[in-house]
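All remarks here apply to the structure that follows.
Given below as structure tokens:
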């Protein structure tokens, strides 16, 4: 036949082929939900290539990966009989449970998003890696321990001979994730699935983990299915991209083509929601803006506000040491924050950046007296609030509020939204009666972009972004002057993140709020902050105006942090071919 491919020119079959995957969750009565979580999804993963599965929370990314691993609970999901997940031609959905277990962990392995909830807290790192070796390779005793040490060394764990007997809580977040990677590559799998493996990590550790996965892929000849919502991160690792929304594939193709010439409006929207590398517009586009059709109108730029003399908060030589046991009777001080000084002008934003363990969150909690300071002064309008009695400090509690990182843990699940908003007003005597406080709570819901009907609903009935809006409304109920945002957008999708950042800027402009914005996402800090404080091991190594510091960092640590920021245009330099 003319034009037919010869066996030498025929393309190699894919390692993984997902064909018409449809997964629906069952309701409490066992009936499938009206809309499937994954609906007719198809894509392939070629050998030795990295495919990024991209989309917001709820798009079906993780459900697709869990279906491939056989980790979806059979009693609560229904997989369409026509669905196929083929690994080298073997339909893993049709395998018996024992055969599926033998395949997963050996030929297919998975790195989960949150290592602390994936690792067993009562078993050592070495024991958990050894379980994989015993299960799939039959290694036990000395052979298993030697192989475990080699794996820990391969993934870059310092002092593997000591860390092998460490429990998960004795390891940093980056080290925990490296243990998860060691477990995943222990049996040299052909396919590695990485489900948001760097979301909770700071930029330098994130860059190390991404480089580690790329190095291991090359050394072991693995294919990688990388799941994320961050297209900037994808640009640094992916060969191909599959974009999902609402359980369906919106766009798929080579990384360069998808990132530089996206065909689908949703892909363009995801790219536009990230804070820009240059300039600071007054508002970030959100998904609805970019999906509306047409070109986005240029947004006026927001100039950096110069530091002025109207100082609302002054911190002088603040230190916080934690005491830990040493031996049977001894104790020693561990410095978490050491001699930190800065000022915060009214109506401006101070960004605080640094790696995990640098003291950022401890600084914020110490300012609020949620940690007792070891030394120093915190002056609010000239008054040192650290030296006040609990009763004298009570009025200042209203003036300083905090939005925590995890909106799922910071709201009382037994309170309705109305109770969450009314309780602080009642405690601080805001409003004449419950009727007035209810009207104020409804106004707050309007301010943060939530419907008034939310007042009678429970926290579990809201998404992560909506819960963070509720947490912000709770803070605003006390009419604060200073708001500490402790990683308050780091767990959110880029589109929801853009909505919350826009909200914070609107509230700052309306109420003249001063923010201390703590984050490991340097792109977000550049967009939000007027001044930046760089912390390392509890100390300030550099501080200054945001534009000057980002354009010309002086300290090597600051330079390393900025160099680790993912760049969505990085694919231009990777030699990727459309």
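Residue numbers (my numbering): 1 to 578.
Built from N, CA and C at the ideal position, the CB exists for glycine as well.
Assigned exposure category for residue i - 16 Cβ within 10 Å defines buried
i           : result
residue 465 : buried
residue 355 : buried
residue 213 : buried
residue 364 : buried
residue 244 : buried
residue 533 : buried
residue 252 : buried
residue 451 : exposed
residue 129 : buried
residue 182 : buried
residue 510 : exposed
residue 229 : buried
residue 389 : exposed
residue 172 : exposed
residue 201 : buried
residue 288 : exposed
residue 566 : buried
residue 454 : buried
residue 434 : exposed
residue 429 : exposed
C-beta atoms of residue i and residue j nearer than 8 Å
i           : j           : result
residue 193 : residue 69  : yes
residue 474 : residue 518 : no
residue 580 : residue 21  : Summary: the structure shown does not reach residue 580, with the chain confined to residues 1 through 578, and so no result is reported for it.
residue 79  : residue 23  : yes
residue 234 : residue 241 : yes
residue 44  : residue 237 : no
residue 113 : residue 199 : yes
residue 535 : residue 320 : no
residue 90  : residue 67  : no
residue 405 : residue 486 : yes
residue 527 : residue 541 : no
residue 488 : residue 468 : yes
residue 317 : residue 375 : yes
residue 358 : residue 554 : no
residue 140 : residue 164 : no
residue 439 : residue 422 : no
residue 378 : residue 39  : no
residue 291 : residue 269 : yes
Given residue i as reference, the closest of the options once Cα atoms are compared
i           : options            : result
residue 189 : 109, 163, 245      : 109
residue 123 : 152, 138, 433, 167 : 167
residue 17  : 36, 64, 171        : 64
residue 174 : 516, 197, 330      : 197
residue 472 : 499, 495, 461      : 499
residue 409 : 528, 159, 460, 73  : 460
residue 493 : 59, 13, 157        : 59
residue 370 : 401, 81, 345       : 401
residue 309 : 324, 344, 487      : 344
residue 342 : 327, 333, 357, 312 : 312
residue 559 : 203, 249, 92, 439  : 203
residue 480 : 515, 462, 495      : 515
residue 582 : 138, 327, 447, 322 : Missing from the structure shown is residue 582; the chain here goes from 1 to 578 and no further.
residue 250 : 263, 14, 259       : 263
Through-space distance from residue j to residue i, alpha-carbon basis
i           : j           : result
residue 580 : residue 445 : There is simply no residue 580 to check, as the chain begins at 1 and stops at 578 in what is shown.
residue 350 : residue 154 : 39 Å
residue 425 : residue 431 : 7 Å
residue 281 : residue 502 : 10 Å
residue 209 : residue 191 : 17 Å
residue 55  : residue 265 : 13 Å
residue 398 : residue 483 : 10 Å
residue 382 : residue 512 : 19 Å
residue 506 : residue 150 : 53 Å
residue 53  : residue 25  : 21 Å
residue 134 : residue 125 : 14 Å
residue 206 : residue 178 : 11 Å
residue 335 : residue 366 : 13 Å
residue 396 : residue 314 : 14 Å
residue 1   : residue 12  : With a pLDDT of only 40 at residue 1, under the threshold of 50, the placement of this residue in the model should not be trusted; the figure read from the coordinates follows. If you take the alpha carbons of residue 1 and residue 12, they lie about 20 Å apart.
residue 324 : residue 338 : 17 Å
residue 186 : residue 232 : 29 Å
residue 564 : residue 222 : 25 Å
residue 508 : residue 497 : 17 Å
residue 184 : residue 561 : 28 Å
residue 254 : residue 93  : 27 Å
Note down, one range per segment and in chain order, each beta strand (DSSP E) of at least 3 residues found wholly within the segment 266-351. Entirely contained in the segment 266-351, the beta strand (DSSP E) runs reaching 3 residues are, in chain order, 311-326, 330-345.
Could you tell me which whole alpha helix (DSSP H) segments of length 4 or greater appear in the segment 126-159? Qualifying alpha helix (DSSP H) stretches, in chain order: 141-154.
Counting only runs of 4+ residues fully inside the segment 367-429, write out the alpha helix (DSSP H) ranges in chain order. Those alpha helix (DSSP H) runs which fall completely within the segment 367-429 and span 4+ residues are 390-399, 417-427.
Just list the alpha helix (DSSP H) runs in the segment 496-543, keeping only unbroken ones of 4 residues or longer that don't cross its boundaries, in chain order. Runs of the alpha helix (DSSP H) inside the segment 496-543: 522-528.
Ignoring anything shorter than 4 residues or poking outside the segment 206-246, list the alpha helix (DSSP H) runs there in chain order. DSSP runs (the alpha helix (DSSP H)) wholly in the segment 206-246: 231-234.
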